[in-house]
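Below is one structure, written out as structure tokens; the observations come after it.
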Amino acid sequence: MGLLEKALRYKNKIVSNGKKSIMDRIAFAPKSESLDSGILAPGSGPDPASFFNDDIVYLKKEDLVEVKADAVNNFLFDYMALFELSRDILRAESETELFDVLLFSIMGQIGVSSSSIMTPGKFSGDRWVIAESRGVTLPRDEPGFLPTAGILGQVISRKEIIDIEEFKDDARYLDDYYAYIAVDGRILVPVMNKNEVMAVIILGNKLTAEDYTAEEKDFLAAIAEFSAYSYRTILLKGGDTAIPEKSKEPGFDEIQEKIMSYPDGDSVRDMIRDKFRNMGVESFAVFIRDEFSGEYALFACEAEDRLRLGSVRYRIPSNASLITEIAKTRTRLSYKDLDKPGVLAGAFPRIPVKKFPMLSIFSFQAAGELIGFTIVFSLSDSSHDEIPGSRIARFCNFIFPYIHIAQNIEYRRGNYVDSIERILSRMDEEIRYASDLKIPLALIVIIVKNYKRLLGIFGNEKAREMFRHVESFIKARLSGRDFSVRYDRNKILIVLPGRDKRYAVPLANTIINEMVHGYSTRHVQLLITFMTAEFPLDGKDSYSLIDAVS
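Per the numbering used here, the very first residue in the sequence shown carries number 401; after that it's consecutive.
Shown next as structure tokens:
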């Protein structure tokens, strides 16, 4: 009862500023014109003024009017469901925990195809981005939504639940409408605190294919009120993704200064070892994603290398079950979270799991992608077996961007550069995606046959201009997981998951016509050809498909 009281107090005193809100409508329902509607009559509940003066609130059965039994049962069921959900929401201590409870609860309670939550982007300028989602795969290059225009602007200005179907015939909102359709959006629910929209819940269609009822929208409004209170509290505490001021964690200033002076991989590794040693961590491993292969490569471990990971330059495949589990959440993972067949054994086949004295994983994610993670295997005797979780999490958030910088510097200064492996790795990723969904994948290679002649007549600048224009032209015609790359001086590769040759051939002709008409002159006529291949007809992996168009 204490949590319910707090929720109701919050509702009247903070959010509603003394006005009636959804909880008033549940606790003190308005008069119904007919008892058949199942709505409680006024005056049947406790006096609202005295309701908030008591230390503990009880809703007594004798306070209710006599209505039909099924109406009372439905009312109490909805009320208890709301109470249970509000209790879990108010208990959330981090953004991740709040979003997880909120999205799964709504999907289960109402029965919707998907649920997402959109918040102001931390690194996306003035755009709002989808922070978490359930039941839908988001586009890789989702640009975000402007809060000052479009449908999101309407939600923020009107401060009410909006069905995007009202905008489908309005030309001004057509692009925005399809952007929400792409993320399986149907209903937008504002999460408000003191009349300010802090976030927006995006819900897909109901599983029953019916429209949202007024009662369901009231339920969503109530959940949004509780979520706003919890979210505001989390943000005031700094959330679970915010990086604290460096002064709160001793040594950050010194580490940053050293990295900026000597930003090479070995210097960063030494600093990581020193920091973990000071935190009482005896054995650890830091993995970061290899941009070329997509695998997660060992970047640093303790100098003693107790588990012999560094000696073999250990790597974990991107499709390993462990990577999938880590990518699901931004919170810390432990043994019990990974107690599934093959999860740990698949990532560390040469090391018996029983050799790990302990296991805690801290991930670093950006733009919805897993950039890297740290695994703590054991603590020193001085730590008293208490892992400094919050300190390690802060350090990981601080150090991973610098690891990424050091990696790029090492690559640029290295003696060997592999420019093709990154392309093939991404192709293999899309091929796995197509294989899992049992859909085709088309490949196009466009070749400028007389590129040397073009270069000799017009020079480098004109040739670069042509490829910059073609890049923009191609990107405007790609969507979803499609991607293109110039992988030779005169060749453009286009990968189209979910498409076949019947789609690829007209697209290739359109691109070639644009190039010929735009850059052929009386001095030189561009000679351009193309070839196509299709998965799985022409090849089962990136190498065989490339061979098919070579």
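All residues carry an ideal CB built from backbone N, CA and C; glycine is no exception. Values in this document were obtained by computation on a predicted structure and should not be read as measured data.
Whether residue i touches residue j by CB criterion (8 Å)
i: residue 530; j: residue 588; result: no
i: residue 599; j: residue 629; result: no
i: residue 718; j: residue 682; result: no
i: residue 679; j: residue 788; result: yes
i: residue 684; j: residue 702; result: yes
i: residue 833; j: residue 866; result: no
i: residue 564; j: residue 534; result: no
i: residue 601; j: residue 513; result: no
i: residue 668; j: residue 577; result: no
i: residue 556; j: residue 621; result: no
i: residue 890; j: residue 847; result: yes
i: residue 795; j: residue 675; result: yes
i: residue 768; j: residue 689; result: no
i: residue 770; j: residue 700; result: no
i: residue 508; j: residue 608; result: no
i: residue 627; j: residue 502; result: yes
i: residue 948; j: residue 938; result: yes
i: residue 745; j: residue 716; result: no
i: residue 634; j: residue 495; result: yes
Burial state of residue i (16 or more Cβ within 10 Å)
i: residue 574; result: exposed
i: residue 819; result: exposed
i: residue 500; result: buried
i: residue 840; result: buried
i: residue 862; result: exposed
i: residue 476; result: Reliability of the predicted coordinates at residue 476 is poor, the pLDDT of 42 falling under 50, and no value is obtained from them.
i: residue 741; result: exposed
i: residue 714; result: buried
i: residue 572; result: exposed
i: residue 922; result: exposed
Member of the options whose CA lies at the smallest distance from the CA of residue i
i: residue 946; options: 511, 746, 844; result: 844
i: residue 582; options: 566, 561, 604; result: 604
i: residue 830; options: 894, 698, 877; result: 894
i: residue 520; options: 510, 509, 532; result: 532
i: residue 489; options: 559, 618, 623, 617; result: 623
i: residue 707; options: 740, 776, 727, 943; result: 776
i: residue 883; options: 925, 842, 936; result: 842
i: residue 568; options: 580, 709, 925; result: 580
i: residue 743; options: 729, 724, 934, 728; result: 724
i: residue 596; options: 711, 687, 566, 625; result: 625
i: residue 914; options: 558, 868, 881, 860; result: 868
i: residue 774; options: 766, 781, 792, 548; result: 792
i: residue 729; options: 686, 548, 765; result: 765
Helix, strand or coil at residue i according to DSSP, with G and I counted as helix
i: residue 743; result: helix
i: residue 598; result: strand
i: residue 585; result: coil
i: residue 932; result: strand
i: residue 517; result: strand
i: residue 704; result: coil
i: residue 776; result: strand
i: residue 573; result: helix
i: residue 948; result: helix
i: residue 630; result: helix
i: residue 507; result: helix
i: residue 716; result: strand
i: residue 909; result: helix
i: residue 891; result: strand
i: residue 607; result: coil
Inset, instruction - May I ask you to verify whether the region 713 to 733 touches the region 846 to 866, counting CB pairs closer than 8 Å and requiring at least 3? - result: no
Inset, instruction - Evaluate the contact criterion for the region 928 to 937 versus the region 869 to 877: three or more CB pairs, one atom per stretch, below 8 Å. - result: no
Inset, instruction - Mind the definition here: the region 907 to 914 touches the region 823 to 840 only if three or more C-beta pairs lie below 8 Å; say whether that holds. - result: no
Legend entry - Stretch-stretch touch, CB-based, cutoff 8 Å, three pairs: the region 730 to 737 with the region 756 to 767: yes
Inset, instruction - Kindly confirm or deny that the region 880 to 900 and the region 799 to 809 touch, where touching means at least three C-beta pairs closer than 8 Å. - result: no
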